[in-house]
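Everything on this sheet refers to the single structure shown next.
Residue numbers (this note's numbering), protein chains in the order written: chain U, 8 to 566; chain V, 52 to 408; chain S, 15 to 242.
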């Protein structure tokens with residue numbers, strides 16, 4: 008089923024943000040949030056495939072129990088670089104810095120973010136941080152794991168820890184600046200009539216994310232400073248030989264890095280809320296609950312860091328408190344999943360690619376979230392901590408959840424960003440391949456984990472081989488799945504049919520301006536008179552995104 | 052490396068690890084409960100999503116009535132309360148079992164574990180040592196007192212569902228009671244550097260008689276306590292200052308273990324293994340009330356094994372048995388009245404602590 | 015969902031109004047909120063270091079006390095006074111901007127820079143003194159229990175690690191502040207500020223007071239606690 012009317016090339020004639028200057032300078036010195044979003048898109052895509060290349064090598068190595076492909080230290084560098092690049096240079100910026108940057112001003116009816124130059128600065132800071140990290144890769148890599156646990160990282164590792172840590176430190180400021188920009192923008196730049204409870208849930212989710220970014224990231228920054236000082240000057244802040252305490256590092260690190268998981272997943276949840284309403288033609292079920300649950304997740308995220316340390320030697324009582332608090336995160340997460348499901352009820356559901364990613368997200372996030380309960384349960388965590396069970400769990404959240412939401416969002420807003428449709432058939436195929444490949448890759452790792460295979464093992468007992476081979480086979484499918492969009496999205500830039508301002512007949516201010524939007528987003532700043540997702544009858548929205556599109560992608564409803 | 056081509060593993064395929072300790076079956080029961088709850092909810096969501104997606108599929112010929120199902124407070128409360136009750140059951144069950152895992156049985160066999168990049172060094176009470184292998188008797192609780200010489204390691208035996216990080220500078224403990232004889236994997240579960248995945252070994256669970264025979268089989272001459280005593284009087288020359296008749300030079304250690312110690316700065320600490328360790332290696336950190344800081348630090352002069360032996364001996368000096376819950380309070384000494392001038396450390400040239408690399 | 019607004023954009027175009035704001039009030043609100051948000055991140059940044067400091071102070075109370083005795087309380091006090099004065103001159107500079115008094119603005123901005131430089135000079139002298147004493151953590155760290163105090167040298171070194179880290183980060187903030195104020199001077203000389211539009215001066219003032227307040231916490235924590 009294709010929804011693309013190939014006989015209707017409607018190239019945008021008016022000037023838009025893409026045609027506003029073609030020189031390199033007009034891109035590198037732009038302060039347009041939409042162009043900066045594209046700069047981010049290109050950068051993080053490069054990092055994604057670099058991190059993915061490391062993943063491929065890791066999975067190849069693990070095909071055999073003896074790890075025949077590479078030496079110990081090479082393998083250790085591989086998983087470290089995979090982790091650092093994917094976490095700090097892809098997952099954390101993915102949805103906020105690309106989709107958030109592009110969409111937040113459009114969604115709230117503003118001409119730009121509050122601080123356009125700081126927005127550009129944050130991209131440069133990101134790139135500089137990335138260059139430091141790449142420099143550490145080029146000069147031989149780092150082997151501490153992305154968690155930089157002391158005293159290994161501070162005293163014992165012989166690799167370029169300071170360089171890589173500096174990269175992460177610098178990138179942190181990019182994250183802080185983005186979060187700051189979003190918070191101020193949402194507070195001060197909303198269009199007339201755009202009250203807080205009329206905001207699209209994507210904006211709520213990014214707002215909650217920004218809170219974590221500004222509150223958590225500085226703590227990581229100072230922790231990295233302390234590690235670097237310890238390493239450079241040989242003082243013992245985290246090394247017990249010199250009086251320090253390695254557990255203090257873990258506390259400080261996870262105080263940021265646990266909430267960082269929510270930095271990654273919350274914006275994707277926001278994407279899902281947008282998509283599920285559009286393709287069910289319904290207002291979201293329980294808007295208030297979904298909105299507030301984002302904030303609750305952000306707040307709880309700061310109270311549960313100790314659940315990474317149940318077997319670290321922290322006291323039994325600390326363990327019990329952190330376990331107790333961790334279970335509370337389950338509640339707002341469950342609220343979201345149930346509300347998305349309920350949104351489908353009596354909707355008018357169509358299956359375009361973004362909706363396939365919604366189904367994928369809900370399924371994978373459900374598994375990822377539910378297995379999180381295993382890890383919050385003290386006695387079970389003692390067994391599965393630092394095994395492949397953890398690896399599987401956080402990949403279900405971060406890849407199954409975050410990347411599914413990210414790709415769904417990219418497809419959904421691709422016509423808005425580029426003015427062109429992607430090829431629907433190929434896109435559906437890719438979504439399917441990714442879903443299947445993902446589960447083949449990571450489900451076996453749950454089993455491996457409960458069997459007791461520790462993570463970060465380069466050689467392993469032979470009885471684990473079958474599951475590892477299954478996982479590697481799945482990874483090859485997953486890899487193909489990720490390459491496909493790269494190809495057809497590029498293709499669509501040139502040959503994709505023109506999209507029109509609102510190909511999905513979606514509600515939301517971003518669809519009321521042309522595609523691609525003009526530099527200042529709107530001809531005139533809109534006045535908002537309705538709640539978000541007003542898809543119900545009488546609102547003038549057609550019952551199907553498809554139906555409208557076939558009529559020629561003409562702009563729907565404006566008054 | 053030719054294994055790649057020759058040795059495909061036997062096609063034994065398991066979903067559960069071996070169940071070989073007193074606790075492992077109970078962890079599995081909790082695990083099954085979690086699997087059941089998760090399967091139910093995941094299944095519920097999959098079925099609902101699938102059903103809704105098909106049932107309410109957009110059909111061009113049928114004009115779907117757009118509905119106003121945009122919220123339902125009762126439903127929201129339902130799916131807040133039910134998960135909440137369930138997760139509280141998980142919490143309670145998991146916490147109860149965890150407390151048992153962390154409560155050391157009083158009659159356990161105490162084995163010393165020293166982790167270093169990248170091997171496990173173990174020592175049994177009778178003094179027998181082994182590397183990367185741990186022989187234990189079946190049906191008897193075994194307690195591990197563990198410390199690392201360098202980075203953080205983690206002692207993990209999947210078949211026992213037991214894991215505990217092994218820290219540098221601080222003793223951690225763990226226990227298990229093996230219930231099936233056999234050989235089980237021992238892994239280092241905390242990433243510790245280049246050969247992390249080679250820091251593995253085996254736990255060999257034997258019948259009681261076999262274990263006794265094995266214990267006697269080594270060339271061990273002295274037990275751990277005897278080794279500690281030798282250090283106390285010999286190399287460490289602790290006795291010089293720490294004996295009942297040593298006067299104001301150093302506190303008498305008789306009956307010290309497990310009691311509450313009053314410090315110079317007004318704090319109180321329990322004299323447990325970690326306190327004893329710190330006071331041997333870096334005595335300046337915690338000065339007992341009424342004493343001068345005269346003792347030279349032993350950091351870098353004693354190995355971790357030796358410190359463990361020394362502590363094992365000090366614990367035998369008439370101390371109350373380890374009962375952290377009810378430490379007997381020792382009366383604090385009055386400050387010494389004699390002038391401290393004559394009591395300078397015997398070796399004033401001793402380097403300050405903080406062994407540099 | 016919405017109707018196009020009739021609100022005109024850029025009807026009252028002020029030279030200082032950025033294109034994406036509706037009016038100066040919105041622009042100013044955004045600037046102020048942005049600075050406050052930034053200061054929240056700064057609080058978290060220093061908060062991490064303070065947490066580490068507090069933990070080790072609890073772990074090595076005597077060593078921290080003894081090491082703290084080696085700091086020069088007179089210089090510390092002078093520096094506190096210098097910084098408080100610089101906050102005052104900053105306030106006066108903001109006032110100048112508010113009134114459109116360019117001379118006053120520039121004069122007090124320069125005075126603020128001067129005071130900041132005095133602070134850094136004294137700090138540098140203190141650092142140098144610590145170096146001479148051998149109290150800079152790392153390879154050349156010396157702690158003689160007989161002369162410096164019979165406490166854990168590891169603990170003393172940790173004190174100095176935090177002393178140098180925290181005052182160093184603080185000094186870095188001051189250096190950045192000096193740079194920013196320098197830019198303000200340049201902008202003021204070119205007449206960029208008017209009584210309606212001086213958000214940059216005001217926000218830099220907020221930043222400067224924050225840096226000041228951090229020192230107000232550092233001074234007692236590092237110099238005063240545990241002194242007899």
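Even for Gly, the Cβ is constructed at its ideal location relative to N, Cα and C.
Next on the checklist: So residue 333 of chain V contacts chain S; which residues on that side make the cut at Cβ distance below 7 Å?
Outcome noted: 166, 168
Item to check | Outcome for residue 217 of chain S when other beta-carbon atoms lying within 10 angstroms are tallied against a minimum of 16 | outcome: buried
Checklist entry - Applying a beta-carbon distance threshold of less than 7 Å, which residues of chain S neighbour residue 123 of chain U? => result 34
Checklist entry - So, is residue 146 of chain S buried or exposed, given that buried needs 16 or more other C-beta atoms within 10 angstroms? => result Its Cβ having fewer than 16 others within 10 Å, residue 146 of chain S is exposed.
Checklist entry - Excluding five sequence neighbours on each side, which residues of the same chain lie with their C-beta closer than 8 Å to the C-beta of residue 194 of chain V? => result 155, 156, 159, 160, 161, 162, 224, 225, 226.
Item to check | Cross-strand partners of residue 196 of chain V (DSSP beta bridge) | outcome: V:163, V:224
Item to check | Sufficient close CB pairs (3 or more, under 8 Å) joining the stretch 197-208 of chain U to the stretch 246-260 of chain U | outcome: no
Next on the checklist: Quick check on the DSSP output: the alpha helix (DSSP H) that includes residue 130 of chain U runs from which residue to which?
Outcome noted: 123-145
Checklist entry - From the beta carbon of residue 231 of chain S, is the nearest beta carbon of chain U less than 8 Å away? => result no
Next on the checklist: Please tell me whether residue 272 of chain U has its Cβ less than 8 Å away from any Cβ of chain V.
Outcome noted: no
Checklist entry - Once you ignore the five residues that flank residue 429 of chain U on each side, which residues in its own chain have a CB closer than 7 Å to its CB? => result 418, 421, 495, 496, 499, 503
Item to check | Counted within 10 angstroms of its Cβ, other Cβ atoms place residue 382 of chain V as buried (16 or more) or exposed | outcome: Reliability of the predicted coordinates at residue 382 of chain V is poor, the pLDDT of 42 falling under 50, and the value obtained from them is presented with this limitation in mind. Exposed.
Item to check | Local conformation of residue 232 of chain V per DSSP, three classes | outcome: coil
Checklist entry - When you compare only the Cα positions, how much space is there between residue 135 of chain U and residue 147 of chain U? => result 19 Å
Next on the checklist: Is there a C-beta anywhere in chain V that falls below 8 Å from the one on residue 59 of chain S?
Outcome noted: no
Next on the checklist: Only counting the same chain, and skipping five residues up and downstream in sequence, which positions put a Cβ closer than 6 Å to that of residue 481 of chain U?
Outcome noted: 444, 447, 448
Next on the checklist: Between residue 183 of chain V and chain S, is the shortest Cβ-Cβ distance under 8 Å, so that the two count as touching?
Outcome noted: no
Item to check | Under 7 Å by beta carbon: chain S residues contacting residue 242 of chain U | outcome: 151, 152, 171, 175
Next on the checklist: Just list the residues that DSSP pairs residue 185 of chain V with in beta bridges.
Outcome noted: V:254
Item to check | Where the alpha helix (DSSP H) through residue 74 of chain V begins and ends | outcome: Per DSSP, residue 74 of chain V belongs to no alpha helix (DSSP H) and is neither H nor E.
Next on the checklist: Please list, in chain order, the residues of the stretch 137-156 of chain V that have any C-beta partner in chain U closer than 9 Å.
Outcome noted: 137, 138, 139, 141, 142, 144, 145, 146, 147, 148, 149, 150, 151, 152, 153, 154
Checklist entry - Shorter than 8 Å from the beta carbon of residue 76 of chain S to some beta carbon of chain V? => result yes
Checklist entry - Tell me which same chain residues have a C-beta within less than 7 Å of the C-beta of residue 108 of chain S, skipping the five on either side of it? => result 215, 216, 219
Next on the checklist: For a quick check, are the C-beta atoms of residue 261 of chain U and residue 315 of chain U less than 8 Å apart?
Outcome noted: The answer is yes: Cβ separation under 8 Å.
Next on the checklist: I want to verify the contact list: residues of chain S whose CB lies under 8 Å from the CB of residue 199 of chain V, in sequence order.
Outcome noted: Neighbours of residue 199 of chain V on chain S: none; closest Cβ ~18 Å, over 8 Å.
Item to check | Selection from U:74, U:411, U:185 that minimises the alpha carbon distance to residue 363 of chain U | outcome: U:411
Checklist entry - At least one CB of chain U closer than 8 Å to the CB of residue 348 of chain V: is that the case? => result no
Checklist entry - To the nearest angstrom, how far is it from the Cα of residue 82 of chain S to the Cα of residue 151 of chain S? => result 14 Å
Item to check | CB contact below 8 Å: residue 336 of chain V versus chain S | outcome: yes
Checklist entry - For the 8 Å Cβ check, are there 3 or more pairs between the stretch 210-229 of chain U and the stretch 51-68 of chain S? => result Taking a contact to require three or more Cβ pairs closer than 8 Å, the stretch 210-229 of chain U and the stretch 51-68 of chain S qualify as touching.
Item to check | Beta-bridge pairing of residue 170 of chain V - partner residues as DSSP gives them | outcome: DSSP lists V:167 as partners of residue 170 of chain V.
Checklist entry - Cα separation between residue 374 of chain V and residue 314 of chain V? => result With a pLDDT of 40 at residue 374 of chain V, under the threshold of 50, the modelled position of this residue cannot be trusted, and the question is left open.
Next on the checklist: If contact is defined by three or more beta carbon pairs under 8 Å, each pair taking one atom from either stretch, is the stretch 170-181 of chain S in contact with the stretch 351-362 of chain V?
Outcome noted: no
Checklist entry - What does residue 97 of chain S pair with, by DSSP beta-bridge criteria? => result Looking at the DSSP assignment, residue 97 of chain S forms no beta bridge with any residue, so it has no partner.
Checklist entry - What are the boundary residues of the beta strand (DSSP E) that includes residue 423 of chain U? => result From DSSP, residue 423 of chain U is part of no beta strand (DSSP E) but of the alpha helix (DSSP H) over 411-425.
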